Each structure stands twice: as structure tokens, then as C-alpha cells.
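Chemist: Please find one structure pasted underneath; my questions will follow.
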Amino acid sequence: MNYFSLNTPDHISSFKDAVIRGIAPDKGLYFPESITPLDPSFYETIENYSTVDLAYEAIQQFIGDEIPEEELRAILSEVLDFEFPVVELEKNVATLELFHGPTMAFKDVGARFMARCLGYFSKQSNTKENVTVLVATSGDTGGAVANGFLGVEGVDVVILYPKGKVSPIQEKQLTTLGQNIRALEVEGSFDDCQAFVKKAFLDESITDHIKLTSANSINVARWLPQMLYYIIAYRQVKDKAEKLVFSVPSGNFGNICAGIVAYKLGLPVDHFIASTNVNKVIPDYMDTQTYTPRASKPTISNAMDVGDPSNFIRIQKLFSNDYDQLAALFSSESFDDDQTKAAMLKLFIENEYVADPHGAVGYLGLESYMEHHPDTYGIFLETAHPVKFLEVVEETLQTKVAIPQQIQKVMGGQKKSVEIATYEELKSYLLD
Ligand SMILES: *Cc1c(COP(=O)(O)O)cnc(C)c1O
């Protein structure tokens, strides 16, 4: 499958080069040249498919012949080796739990898929030159990337995180793995980390010597496999969900955008709700048809503190840049921290369900939509295990959250990191 750059449509790239580059040379996002709906019989008989068979059917066209069938199936079975349960809270309200993977955040699937694709391409090339994944994290992404790339041959990972500004659990997830994963503790903010990373990608005195790539949701190999969540959920609710609605807690809008790709593949979905915290560039866009990026504001659902969501341009493209087409299937609503905490409390008291702040934002968007559309079956995505946001969950619910075994395992690990304060220090570290 070929991909074109959304900045210059005649810039074409193979899947392989799109994965290795991350972003097109003209700084555009890659977009698949075509999306062919699956045969309706696929959805009619979906309960007969294993998770790996279903995933292979859905994603194969986006890779084409660039990864052989056997290899792609092996990758998918490693990536999808945990559960994605739909948990019903009320008769027609359910949550899709995406947090049962190794780092307990939904980014595990995308990070692991990208890692294995890169590993495959690196094994195929005869240059023996390693690829270095350079990534800045405010907490959640780094853990999934570190875990996803652990032990992948031909790939080195360098993670930058702001010193003292990630939670103790998150820091352990970033710094204790060893092997091909290295952590740099930056004296500064997340924005400083991100600025260093962006500068490094453009710095020829680095890129002449090492092959750098990024691991955020701009990368097609991290973005596309997220479509599988929606298809796997459909397999579980098919018989009761005549009118199916998904509410997706959104930051960079990669996850919901992948859900819309699943819709374009023929998945019977009635509506998508992008639920956000007070960083509401998209809810405002849907109201005014004017896109105004802003500096992000800190919230308790901080993995969604994004002021210029990178994947929205892909969503627009999926609807041929036509606002009316988009608005027929998609809406977006914003909620503040007080509303989020009230929703967490309500879910806990009325449904005995412990939601993390991101899932709670998803719940709020669904609740609001279903007030006017009571005849639908609504699923909100729970994107992180509550333990990942332990302090705010325990304080809001006045209860203790048990620490799952995945997290206990890393808590005992030895932290290893290198402290840096300036870009020059990053550069000499990379070139060393
Ligand atoms: C990254 C993240 C999100 C936002 O996902 P996007 O694809 O960026 O919209 C939501 N919740 C959690 C827990 C996340 O880590």
C-alpha cells in the first residue's frame, strides 16, 4: 500500500518508508492512497473469526505485500495477546477496556505494532544500521513505547522525560527496562523535551550519522492498528447494538481517527463522539468551523492536554474535507475537571465502576449524546487503568486502588537514567 503526504499529494511513499520516516519530508502526515471496505459477510460472520484473523483481514490492505502474510500474522498475535473486554454498566451503556496490556494504557497496541514493523524492516535491510526512536513523553506514551520496543533488534530507543514531572509509576516504567531502552531525565518541562526532539530531527549533524524516527501517533504504524479496537468491540456487542455509538476520550485524535477508518471499512457505527477535557480546539471547530490551535492547559486527564491535535487533519481528509459529511457522523464535546471528577464518583457509586479521568471524560460525552439519542447502544473507551492516575482516582473516590501485577513488577526495578539540561548534552549523548 502506498501513502501520500497530506501536504503534497504527489509525494508518495511505501508503507515501509512511511513507518521509517514517521513524517513525510515536507512535514505532512502520511495518508493511505485507498481504503477498500471489507465484504459485508465479514461483519455478518465476525463471531467466527479469531482476534488475529479479524485483525489480519482488517489491516492487511494497509500493508500490502510489504510484510508477508505469515510474518504479519505473527506480529498481530504478539501485539494482540491480551483482552479487550466490553464491560456493560447499564442496559445500553458499556465501556471498552483498552488497558489490559503490559503498560496498562491503550497505546500498547500501536507502540508494539510499530516496534515490530520497524524490527521487521530493519531485519530485511542489509545495512545493519540501527534505527533510533527518539521520543518525548509527559508520562503515558513513554511507557508504552519503552515496553513495545524492548528487545526489538535493530532498534534503539531514547526517551526524554521531564525530571520530577511524571508519576513514580510512570518513571519506573520508563527507566527500569534496560537493554535497548535508555531514558534521559531532562531538567525542564515536557515542552522542553519535545522541543529538543524536534530540533534533533532537523539537525543534520545528528541525522548524517544516525537514523532517527519518532514513535507518536503521527506514525502510520502506531495510528492504524487502533482501528482494531472498534472491530473487536463490535464482535462482542453485535447482537444487541443495532445503533452503535462510540465515545472516545481524545487528545491528538489518533484513536478516534482510526475508529473512523474502521467505519470506512464498513463497520456498522452510527456515530462517533470525540470527548475532550478543557483543551477544546475540536469542539470549538465543530461549533464555528474555524480551527484555532492554542497552548494546552493542564488537567487531571493530562494525556489529552493537547492544543493542536495532530490527527484532526486526517479525520477531515476521511470526509473529503467536507464539514457537513463530517458533522453527520462525528461530534465533539468538552468537559472540565470538576465534571470529570463528578462522573468518576457517579460511576463508582451507581455502577461500582472505577474509571480513570480519561475514561470518565469519555463517559460524559456519551451521557450527553444519549440524552438526545436514547435508542442507541453506547460504548465509551477506557484508555488507561485507574492505577496510572492513582493519586487523583484515590482522592476523588476516597478508596484504594489495588496495584496490578504488571505495575508491581516494574515498581521493584532499579531506575537507570542520565540527566541532561541542554540540547548540546542531548546531541553529544546521541553521537557518543
Ligand atoms: C494518549 C491518550 C489519550 C488520547 O488519545 P489520542 O489518540 O491522542 O486522542 C487518551 N487517554 C489516554 C490514557 C492516553 O494515554
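The sequence shown begins at 1499 in the numbering used here and counts up one residue at a time. All residues carry an ideal CB built from backbone N, CA and C; glycine is no exception. The structure presented is a predicted model; accordingly, all values stated were derived computationally and were not measured.
1. Please name the residue or residues paired with Tyr-1501 in a DSSP beta bridge.
2. According to the Cβ coordinates, are Gly-1857 and Glu-1880 closer than 7 angstroms?
3. In the structure shown, what three-state DSSP assignment does Ser-1915 receive?
4. Quick check: is any heavy atom of ligand 1 less than 6 angstroms from the C-beta of Ser-1915?
5. At a cut-off of 6 angstroms, is Phe-1751 close to ligand 1 when judged by its beta-carbon and the heavy atoms of the ligand?
6. Is it right to say Val-1743 is buried, meaning 16 or more other beta carbons lie within 10 angstroms of its own, or is it exposed?
7. Give the C-beta separation of Phe-1582 and Leu-1596 to the nearest angstrom, bearing in mind that I take them to be a contact with Cβ-Cβ under 8 angstroms.
8. In the DSSP assignment, what are the bridge partners of Lys-1709?
9. Looking only at its chain, what residues have a beta carbon closer than 6 angstroms to the beta carbon of Ile-1708, apart from the 5 residues adjacent to it on each side?
10. Is it right to say His-1883 is buried, meaning 16 or more other beta carbons lie within 10 angstroms of its own, or is it exposed?
11. With a CB to CB cut of under 8 angstroms and the five nearest residues on each side skipped, what residues in its chain are close to Gln-1845?
12. Could you check what DSSP says for Asp-1873 in three-state terms: helix, strand or coil?
13. Taking the alpha helix (DSSP H) that Ile-1905 belongs to, which residues open and close that run?
14. From Asn-1500 to Gln-1906, what distance separates their C-alpha atoms?
15. Determine the burial state of Leu-1594: buried for a count of at least 16 other Cβ atoms within 10 Å of its Cβ, exposed for fewer.
16. Leaving out the 5 sequence neighbours to the left and right, which residues in its chain are closer than 6 angstroms to Ile-1544 when beta-carbon positions are compared?
17. What is the DSSP secondary structure of Thr-1774, counted as helix, strand or coil?
18. Can you tell me which residues form a DSSP beta bridge with Thr-1593?
19. If you compare alpha carbons, which of Ile-1813, Asn-1819, Arg-1812, Glu-1865 is closest to Ser-1832?
20. Rank Leu-1616, Ala-1634, Ala-1713 by C-alpha distance to the C-alpha of Asn-1628 and give the top, closest one.
21. Indicate, with yes or no, if ligand 1 has a heavy atom lying under 6 angstroms from the CB of His-1883.
22. If you reduce the DSSP assignment to three classes, tell me which class Pro-1566 lands in.
23. Looking at the unbroken alpha helix (DSSP H) that takes in Ser-1829, where does it start and where does it end?
24. When every heavy atom of ligand 3 is checked, does at least one fall within less than 6 angstroms of the C-beta of Asp-1563?
25. If contact is defined by three or more beta carbon pairs under 8 angstroms, each pair taking one atom from either stretch, is the stretch 1777-1786 in contact with the stretch 1546-1559?
26. Could you spell out where the beta strand (DSSP E) holding Arg-1792 opens and where it closes?
27. Ignore the nearest five residues each way along the sequence and tell me which others in Ile-1716's own chain have a CB closer than 7 angstroms to its CB.
28. Let me know the secondary structure DSSP gives Glu-1855 once reduced to three states.
29. Give the straight-line distance between the Cα atoms of Glu-1683 and Cys-1691, rounded to the nearest whole angstrom.
30. Confirm the yes/no value for this check: CB of Asp-1638, any heavy atom of ligand 1, distance under 6 angstroms.
31. Flag this pair as yes or no: are the beta carbons of Val-1591 and Val-1735 separated by less than 7 angstroms?
32. Give the straight-line distance between the Cα atoms of Glu-1892 and Val-1695, rounded to the nearest whole angstrom.
Modeler: Quick look at the numbers:
1. By 1-based counting over the sequence shown, the position of residue 1501 is 3. Paired residues: Ser-1511, Pro-1530.
2. Reading the sequence shown from its first residue, position 359 is the one you call residue 1857. Reading the sequence shown from its first residue, position 382 is the one you call residue 1880. Contact: yes.
3. Looking up residue 1915 in the sequence shown gives position 417. For Ser-1915, the secondary structure class from DSSP, reduced to helix, strand or coil, is coil.
4. Reading the sequence shown from its first residue, position 417 is the one you call residue 1915. It does not: the Cβ of Ser-1915 is nowhere closer than 6 angstroms to a heavy atom of ligand 1.
5. On the sequence shown, position 253 is the one that residue 1751 refers to. Under cutoff, so the answer is yes.
6. For the purposes of this step, residue 1743 is taken as the residue at position 245 of the sequence shown. With 16 or more other CB atoms across the displayed protein chains lying within 10 angstroms of its CB, Val-1743 is buried.
7. Taking the sequence shown and counting its residues from 1, one reaches residue 1582 at position 84. Taking the sequence shown and counting its residues from 1, one reaches residue 1596 at position 98. Indeed, because the Cβ distance is near 6 angstroms, the residues count as touching under 8 angstroms.
8. Taking the sequence shown and counting its residues from 1, one reaches residue 1709 at position 211. In the DSSP output, where bridge partners are listed per residue, Lys-1709 has Val-1629.
9. Locating residue 1708 in the sequence shown gives position 210, counting from the first residue. For Ile-1708, where only same-chain residues beyond five positions count, the Cβ hits under 6 angstroms are Thr-1630.
10. The residue labelled residue 1883 in the question sits at position 385 within the sequence shown. Counting Cβ neighbours within 10 Å, His-1883 comes out buried, since at least 16 surround it.
11. Translated into positions along the sequence shown, residue 1845 becomes position 347. Here the sequence assigns Leu to residue 1845, which means Gln is not the residue at that position. Excluding sequence neighbours, Leu-1845 sits near Leu-1587, Tyr-1851, Val-1852, Ala-1853, Ala-1858, Tyr-1861.
12. Translated into the one-based positions of the sequence shown, residue 1873 becomes position 375. For Asp-1873, the three-state secondary structure derived from DSSP is coil.
13. Working through the sequence shown from its first residue, we reach residue 1905 at position 407. In the DSSP annotation of this structure, the continuous segment of the alpha helix (DSSP H) that includes Ile-1905 starts and ends at 1903-1909.
14. For this step, residue 1500 is matched to residue 2 along the sequence shown. For this step, residue 1906 is matched to residue 408 along the sequence shown. So the two alpha carbons sit approximately 42 angstroms from each other.
15. Position 96 of the sequence shown, counted from the first residue, corresponds to residue 1594. It is buried - the Cβ of Leu-1594 has at least 16 other Cβ atoms within 10 Å.
16. To locate residue 1544, count along the sequence shown from 1; it is residue 46. Excluding positions up to five away in sequence, the list reads Arg-1733.
17. For this step, residue 1774 is matched to residue 276 along the sequence shown. Of the three classes helix, strand and coil, the one that applies to Thr-1774 here is strand, per DSSP.
18. Your numbering for residue 1593 matches position 95 in the sequence shown. Its beta-bridge partners are Val-1585, Phe-1878.
19. If you number the sequence shown from 1, residue 1832 lands on position 334. It is Glu-1865.
20. Locating residue 1628 in the sequence shown gives position 130, counting from the first residue. It is Leu-1616.
21. Taking the first residue of the sequence shown as 1, we reach residue 1883 at position 385. In this structure, ligand 1 has no non-hydrogen atom nearer than 6 angstroms to the beta-carbon of His-1883.
22. If you number the sequence shown from 1, residue 1566 lands on position 68. Pro-1566 falls in the coil class under three-state DSSP.
23. Start at 1 with the first residue of the sequence shown, and residue 1829 comes out as number 331. Under the DSSP assignment, Ser-1829 falls outside any alpha helix (DSSP H), being part of the beta strand (DSSP E) whose first and last residues are 1828-1832.
24. Absence of ligand 3 from the depicted structure is noted, with ligand 1 being the only ligands included.
25. Judged by Cβ distances under 8 angstroms, the stretch 1546-1559 makes no contact with the stretch 1777-1786, as fewer than three pairs qualify.
26. Indexing the sequence shown from 1 puts residue 1792 at position 294. First-last for Arg-1792: undefined, no H or E at that position.
27. Locating residue 1716 in the sequence shown gives position 218, where the first residue counts as 1. So the list reads Gly-1520, Ile-1521, Leu-1527, Ser-1808, once near-sequence residues are dropped.
28. Along the sequence shown, one-based indexing puts residue 1855 at 357. Reading off the sequence, residue 1855 comes out as Pro, not Glu. Note: Pro-1855 maps to helix in three-state DSSP.
29. In the sequence shown, counting from the first residue as 1, residue 1683 sits at position 185. In the sequence shown, counting from the first residue as 1, residue 1691 sits at position 193. About 9 angstroms.
30. Residue 1638 sits at position 140 when you count from the first residue of the sequence shown. Relative to ligand 1, Asp-1638 has its C-beta within less than 6 angstroms of a heavy atom.
31. As a first step, residue 1591 is located in the sequence shown; it is residue number 93 there, counting from the start. As a first step, residue 1735 is located in the sequence shown; it is residue number 237 there, counting from the start. Not in contact: Val-1591 and Val-1735 (Cβ atoms no closer than 7 angstroms).
32. On the sequence shown, position 394 is the one that residue 1892 refers to. On the sequence shown, position 197 is the one that residue 1695 refers to. The straight-line gap from Cα to Cα measures roughly 34 angstroms.
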